[in-house]
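J.:
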Amino acid sequence: MKKGEWSGSLSQDALTRVSALIGIFKGLHLLFSDQLADEWVKLPNKGPLFDGRRPIDVMIEGGIPKLLLVRRHIDALRGGL
Numbered sequence: 037m038k039k040g041e042w043s044g045s046l047s048q049d050a051l052t053r054v055s056a057l058i059g060i061f062k063g064l065h066l067l068f069s070d071q072l073a074d075e076w077v078k079l080p081n082k083g084p085l086f087d088g089r090r091p092i093d094v095m096i097e098g099g100i101p102k103l104l105l106v107r108r109h110i111d112a113l114r115g116g117l
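Structure, rendered in structure tokens:
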């Protein structure tokens, strides 16, 4: 698809998901090397939000609420919290 060719619309649900994923992607790339940023969602995480699970699994199973929590988690890491 070329830029400007798509003229459809996205639901609020889809826009929220896309926005959260873009924020997670950008945040990870600001925090880590490109390789680690790209792998982070697939690595087991011992943090309380993940409890040893992979972030990707938590986000898939938890839907939009977990996507937004992961986004806030990444933003907090960037802010030094």
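Note that this note's numbering has the sequence shown beginning at 37, numbered continuously upward. Heads up, the beta-carbon is just placed ideally off N, CA and C, and yes, glycines get one too.
Alpha carbon to alpha carbon, how far is Lys82 from Asp70?
T.: As a first step, residue 82 must be located in the sequence shown, where it is residue number 46. As a first step, residue 70 must be located in the sequence shown, where it is residue number 34. Straight-line Cα distance between these residues: approximately 21 Å.
J.: Specify, as a first and last residue, the run of the alpha helix (DSSP H) that Leu105 falls within.
T.: For the purposes of this step, residue 105 is identified with residue 69 of the sequence shown, where counting begins at 1. Start and end: Pro91 to Gly115.
J.: Tell whether a beta-carbon distance below 8 Å holds between Leu64 and Ala56.
T.: Position 28 of the sequence shown, counted from the start, is the residue given in the question as residue 64. Position 20 of the sequence shown, counted from the start, is the residue given in the question as residue 56. No, these two residues do not count as a Cβ contact at 8 Å.
J.: For Phe68, report the span of its alpha helix (DSSP H) as first-last.
T.: Working through the sequence shown from its first residue, we reach residue 68 at position 32. Per DSSP, Phe68 belongs to no alpha helix (DSSP H) and is neither H nor E.
J.: Count the other CB atoms, across all protein chains shown, that sit within 10 Å of the CB of Leu66; report buried if there are 16 or more and exposed otherwise.
T.: Within the sequence shown, the letter at position 30 stands for residue 66. Counting Cβ neighbours within 10 Å, Leu66 comes out exposed, since fewer than 16 surround it.
J.: Give me the Cα-Cα distance between Leu104 and Phe61, rounded to the nearest whole angstrom.
T.: Along the sequence shown, read from residue 1 onward, the residue named residue 104 stands at position 68. Along the sequence shown, read from residue 1 onward, the residue named residue 61 stands at position 25. One C-alpha to the other measures close to 13 Å.
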